[in-house]
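Contents: one structure, followed by commentary.
There are 2 protein chains.
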Amino acid sequence: MTVTLADVAARARVSPATVSRVLNGNYPVATSTRDRVLRAVDELDYVLNGPASSLAAATSDLVGILVNDIADPFFGIMAGAAQSQIGGPGDGSGRAGGEKLAVVCNTGGSPERELTYLTLLQRQRAAAVVLTGGALEDPSHQAAMAVKLAKLADAGTRIVFCGRPPLPDSDAVTASLAFDNRGGARRLTEHLLELGHRHIGYVAGPLERTTTRHRLEGHREAMKAAGLHGDEESLTVHGPYDRRSGYDATRELLAREGEVTAVVAANDTVALGACAAVRDHGLRIPEDVSVAGFDDLPFSVDAMPALTTVRLPLAEAGARAGRLAVGKEKAPAGGIATIDAELMARGSTAAPRG
Amino acid sequence: MTVTLADVAARARVSPATVSRVLNGNYPVATSTRDRVLRAVDELDYVLNGPASSLAAATSDLVGILVNDIADPFFGIMAGAAQSQIGGPGDGSGRAGGEKLAVVCNTGGSPERELTYLTLLQRQRAAAVVLTGGALEDPSHQAAMAVKLAKLADAGTRIVFCGRPPLPDSDAVTASLAFDNRGGARRLTEHLLELGHRHIGYVAGPLERTTTRHRLEGHREAMKAAGLHGDEESLTVHGPYDRRSGYDATRELLAREGEVTAVVAANDTVALGACAAVRDHGLRIPEDVSVAGFDDLPFSVDAMPALTTVRLPLAEAGARAGRLAVGKEKAPAGGIATIDAELMARGSTAAPRG
DNA sequence: ACAGCGGTAGCAAGCGCTTTCTATGCGGTA
DNA sequence: TACCGCATAGAAAGCGCTTGCTACCGCTGT
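What follows is the structure in structure tokens.
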């Protein structure tokens, strides 16, 4: 039926062992023999049996990339960059050894799915796993993750975090690349404060994610430093990281009182919803209300007016995570690197009226 | 070291065969025995060895989803929807049998990568493969794909196309879900013609993709039906499916002569670039120039003015492809289904001046 | 009371590869 | 000329699981 190593061996008139060695290139084989084998492989159109190979070698070339939402470019960009480094096809090396299969797994933000994907990858004896995006704060889930990751690490799977805070007291994770969400958020709010805003609405992400908390903390840090605090609670609304959440929350913020002069959104997508709400409320951006986002996704510069936001180097971070995952790059000191976030002041923010 | 089936068997005081049967649930096992086994699995924290299992059973639970650009929500949305149906974790069934590992592979639009990913999936003995997005028109690549897909199908891998035209004379593909790009494009251009436009610039996608050709054909069909043809060639510019291409091409179109009153873009992302170019040229949308996109990605409604475009039911199509891939749904008659595209007339198009 | 049978469990033979260990052939050296 | 060592190839033992077949047990039917 399907062609096996033995078939190739027979055709090349060598032993299966030799074919295996030619394919893996990890053992000296005479050039003439190698050529013969390669020709046979070609003629028979032989494709290695991955499971058999993985079983015998006790390793696999699978690399999993976990993302919260594959439809969100935030994750897509990171995942794409990571995948491009991990290789699979066309990583430029041309070496058979570099032929890793980078695959992305969509958890949909669900803790169970996250865990189950990890189990599935463990089952496949994955070579590495990259976890992207913020983590859930739920202690029991964190504990479960720590255990699972420890087991994976134990089995030789390399683990890399990308855009995710490091796991405390764990040496399972090879490297953690964490975004400076707090700093970015602080600078963003400072920018608004400098423009003269005092009543700033905050449309935050889901309560239980680290990303949400960090950005919120940065915002509040800035507010506090400006001597503004007390009404933050009432000016903060939580919701998922989507457009609708931005729309609904902003309508609510606007309806509550007329006092809000600026709205900071959890991310750019939410900001787009916020913009729509501001307009539907009959107000102009930025003359009546300033709006700001976070992430600087590609479409943000095309919003009208262009969205003030905080740029996260998603592609760079993803690529680095990919390289770390396949060992092309060595881990930063302490296994942790913080990635800077840069304020992008654009047209959607301006001084408040009056 | 790691826990094996045999360890579980020993602990449950049964044979390995019995453990395997409990795990696979495909053979009668007495309840008491099953419980004992399940408890042992739990206590030992046993995780099946995927490669070994796949080798012995000659099947695997991997399902590959190939996309051209994972950072593009067009693909992200389809892939996410497909993945959600394929299951992996939390497909709702709860059945162990449904635990497929849906993974997405990013070809970056490169033909070699596409082929190599297919080989990699073949090597893993994937249960199914979903190919999304338009195909390349290059005959030699198409032939290579046909051969590769035939081989995969031969090995029992189910193959589904999503948003991709069917492969002629091939029974390798289980089902093809093709978007009605031609019809959508035609209706879009008709809309512009009805508004009174006569000089319509077209920023097309890469020359070698079926999607590009089909959309272009629809456009020209409409033009021809309106008795307008001849200058289409000169009003068409090709480029990649990205913002920059839309920007550059539109600048060029605008600079060429002042006559263009509308710009149709290859997709929404390109349209965003076109919008920016129109504005940078000192013109207003839609008063001076109308702009239209394609796909109706989530951000399109938030452009200012909201983008007129053609809606493709990406999520529905992706979900259906996912279901077809795992056999939850049966293939449409003839293995081919055409998915309708709906015109979304919004603020970015209006009658030309004068 | 005995053959026969449905219901369970175990045995053992692989699945297709990797890898250790062993065998062979050859050139070079004393 | 005899011996050693290197370079290369082969033999064979698994890797951990699945599954066809056999074995056993307690019943039922006659």
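So the protein lines, in turn, are chains H and A.
Quick note: the first sequence uses our numbering, first residue 1, plus one each step.
Quick note: the second sequence uses our numbering, first residue 1, plus one each step.
Backbone N, C-alpha and C fix where the C-beta goes; we use that ideal spot for every residue, glycine too.
Note that the coordinates shown come from a computational prediction; the quantities given were computed from them, not determined experimentally.
| query | result |
| --- | --- |
| Pairwise C-alpha distance: G293(H) and A276(H) | 13 Å |
| DSSP state of L324(A) mapped onto helix, strand, coil | helix |
| L312(A): contacting residues in chain H (beta-carbon distance under 9 Å) | Within chain H, no residue comes near L312(A); the closest Cβ sits about 14 Å away, beyond 9 Å. |
| Residue interval of the alpha helix (DSSP H) (run including L141(A)) | One point to set straight first is that residue 141(A) is His, not Leu, in the sequence displayed. P139 to D154 is the span of the alpha helix (DSSP H), which, as asked, contains H141(A). |
| With 16 other Cβ atoms within 10 Å as the buried cut-off, status of G327(H) | exposed |
| A262(A): first and last residue of the uninterrupted beta strand (DSSP E) it sits in | A262 to A265 |
| Element boundaries [beta strand (DSSP E), containing I339(H)] | I336 to I339 |
| CB contact below 8 Å: T212(A) versus chain H | no |
| Whole-number beta carbon distance between A265(H) and G282(H), since they are thought to touch under 8 Å | Not a contact, Cβ separation roughly 20 Å. |
| For A315(A) and A81(A), the rounded distance between their alpha carbons | 5 Å |
| Chain H within 8 Å of Q142(A), Cβ atoms only | no |
| Under 8 Å by beta carbon: chain H residues contacting R125(A) | N49, G50 and P51 |
| M304(A), DSSP secondary structure in three states | coil |
| Check whether S60(H) and R125(H) have beta carbons under 8 Å apart | yes |
| Cβ-Cβ distance between D288(A) and R353(A) below 8 Å | yes |
| Host beta strand (DSSP E) of N49(H) (start-end) | That residue, N49(H), is in no beta strand (DSSP E); it is neither H nor E in DSSP. |
| Inter-stretch contact (C-beta, 8 Å, three-pair minimum) for the stretch 210-221 of chain A and the stretch 184-197 of chain A | yes |
| Local conformation of F75(A) per DSSP, three classes | helix |
| P73(A), buried or exposed, once every other Cβ within 10 Å from all chains shown has been counted against 16 | buried |
| First through last residue of the beta strand (DSSP E) which encompasses Y247(A) | Careful: Y247(A) lies outside any beta strand (DSSP E), inside the alpha helix (DSSP H) at R243 to R256. |
| Cβ neighbours of A331(H) in the same chain (closer than 7 Å, five flanking residues each side left out) | T174, A175 and L324 |
| Coil, strand or helix - F299(H) by DSSP | helix |
| Within-8 Å CB hit, R243(H) to chain A | yes |
| Within-8 Å CB hit, V255(A) to chain H | Strictly speaking, residue 255(A) in this sequence is Ala, with Val absent from that position. For A255(A), the answer is no, since every Cβ of chain H falls outside 8 Å of its Cβ. |
| Contact list for the stretch 145-170 of chain A against chain H, Cβ threshold 7 Å | A155 |
| Residue span of the alpha helix (DSSP H) that contains V29(H), given as start and end | Neither: V29(H) is in no alpha helix (DSSP H) and is coded neither H nor E. |
| Residues bridged to M344(A) (per DSSP) | T309(A) |
| 7 Å Cβ cut-off: residues of chain A touching L272(H) | F299 and D302 |
| Neighbourhood of T31(A) by C-beta distance below 6 Å, restricted to the same chain and skipping five residues each side | none |
| Residue span of the alpha helix (DSSP H) that contains H219(A), given as start and end | T210 to A225 |
| Listed by chain order, chain H residues near N106(A) by CB distance under 7 Å | G80 and Q83 |
| P286(A) and S234(A) closer than 8 Å at C-beta | no |
| Selection from G64(H), N49(H), V14(H) and V29(H) that minimises the alpha carbon distance to A40(H) | V14(H) |
| Straight-line Cα distance separating P111(A) from T210(A) | 14 Å |
| Chain H within 8 Å of P73(A), Cβ atoms only | yes |
| Nearest candidate by alpha-carbon position, reference T167(A), set A155(A), V147(A) and G156(A) | Contrary to the premise, residue 167(A) reads as Leu rather than Thr in this sequence. Selected option, being the one with the closest Cα: V147(A). |
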